[in-house]
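Enquirer: Numbering (the UniProt record's numbering), first residue to last: 1 to 282.
Think of the CB as a built atom: it goes at the ideal place given N, C-alpha and C, for glycine as much as any other residue.
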């Protein structure tokens, strides 16, 4: 993004196009560079973008370099500057002090390859009908920026041709990094989506809260009148069970899908202080 686009995204959660129309854009797409890289670029108006192996993948033309307002970017994206925000320290705080934009010509969770293998098992076991189900990936890093980020998720689906978007409780949410509470209101994500500028074409489908129904032995929509019959198993708790070789209640997940998760944690090997997973078996 150029500076004007970056500022529009930060302040208005939208972009005004050349024809005057406005599109939703809640998360800035920017490339940070450090002082040394800025000096190397000098007066050049074109730079090559390379991948992690230094292979050129694109050219950025008619470039502009501008200051990276890190604190403001964090505050406007997450609504707080509290320490410990995921992604913020890695991709913003420790990133370069400059942002570069221009014309582009034609980069604790379970790795994508293992998650895709788990999705395949869900289809193989018939939990979802493989004849009427399309599985596709969305290769965008999670910011956990709540209502701000969920607009980006929805817009990306529109660009891919989707007409409907299912949104659950506290989408892209997280716990407060300092205080013992959720960072965002659990209902604000779906409320913001229902009135976000530029997303009017998308039919928002609020997803009812689901939990494990102990009386039925399967997942079901939560019934507050018999709350004692339901068990909430979060992603964190689920991963903890798999790490410790414990099993969830029968009916929580298809056996094949659960085995993939257990196999992933079994594949972790110690390397210094890091836990590195081996490649997913094909």
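Please report the distance separating the alpha-carbon of residue 226 from that of residue 34.
Expert: If I take the Cα positions, the gap works out to 56 Å.
Enquirer: Excluding sequence positions up to five away, which residues of its chain have a Cβ less than 7 Å from the Cβ of residue 93?
Expert: Within the same chain, residue 93 has close Cβ partners 70.
Enquirer: For the region 54-72 against the region 120-128, are there 3 or more C-beta pairs whose distance is under 8 Å?
Expert: Result no; under three Cβ-Cβ pairs closer than 8 Å.
Enquirer: Just to confirm, are residue 91 and residue 78 a CB contact at a threshold of 9 Å?
Expert: Taking 9 Å as the Cβ cut-off, residue 91 and residue 78 do not qualify as a contacting pair.
Enquirer: Within this structure, are the beta carbons of residue 249 and residue 231 separated by less than 9 Å?
Expert: Their beta carbons are under 9 Å apart, which means residue 249 touches residue 231 by this criterion.
Enquirer: Can you tell me whether residue 251 is helix, strand or coil according to DSSP?
Expert: If DSSP states are grouped into helix, strand and coil, residue 251 belongs with coil.
Enquirer: With a CB to CB cut of under 6 Å and the five nearest residues on each side skipped, what residues in its chain are close to residue 252?
Expert: So the qualifying residues of the chain are 212.
Enquirer: When you compare only the Cα positions, how much space is there between residue 6 and residue 198?
Expert: Residue 6 and residue 198: Cα-Cα distance of roughly 17 Å.
Enquirer: For residue 171, count neighbouring C-beta atoms within 10 Å of its own C-beta (all shown protein chains included) and say buried if the count is 16 or more, exposed if not.
Expert: Answer is buried; the Cβ neighbour count reaches 16.
Enquirer: Which of helix, strand or coil does DSSP assign to residue 147?
Expert: Of the three classes helix, strand and coil, the one that applies to residue 147 here is helix, per DSSP.
Enquirer: For a test of the three-state rule: what should DSSP assign to residue 225, helix, strand or coil?
Expert: Here residue 225 sits in helix by DSSP.
Enquirer: Residue 180 to residue 173, Cα distance in whole Å?
Expert: The alpha-carbon atoms of residue 180 and residue 173 are separated by roughly 14 Å.
Enquirer: Under 7 Å Cβ to Cβ from residue 184, same chain only, skipping five residues before and after it: list those, please.
Expert: Result list for residue 184: 146, 147, 170, 173, in chain order.
Enquirer: Less than 9 Å separating the beta-carbons of residue 207 and residue 167?
Expert: In this structure, residue 167 lies closer than 9 Å to residue 207 by Cβ.
Enquirer: So, is residue 193 buried or exposed, given that buried needs 16 or more other C-beta atoms within 10 angstroms?
Expert: Counting Cβ neighbours within 10 Å, residue 193 comes out buried, since at least 16 surround it.
Enquirer: Comparing C-alpha positions only, which one of 201, 176, 52, 209 sits nearest to residue 187?
Expert: The shortest C-alpha separation from residue 187 is found at 209.
Enquirer: Which residue comes first and which comes last in the alpha helix (DSSP H) that contains residue 122?
Expert: Looking at the DSSP string, the run of the alpha helix (DSSP H) that includes residue 122 is 112-124.
Enquirer: So residue 24 and residue 162 are in contact, right, with Cβ under 8 Å, and what is the actual spacing, rounded?
Expert: About 14 Å; that fails the 8 Å criterion.
Enquirer: Could you pull out every residue in the same chain whose Cβ sits closer than 6 Å to the Cβ of residue 97, ignoring the five residues on either side in sequence?
Expert: 68, listed in sequence order.
Enquirer: Distance check for residue 144 and residue 100, CA to CA, integer angstroms please.
Expert: Cα-Cα distance, rounded: 24 Å.
Enquirer: State the Cα-Cα distance for the pair residue 19 and residue 4, rounded to the nearest angstrom.
Expert: Roughly 16 Å separates the two Cα atoms.
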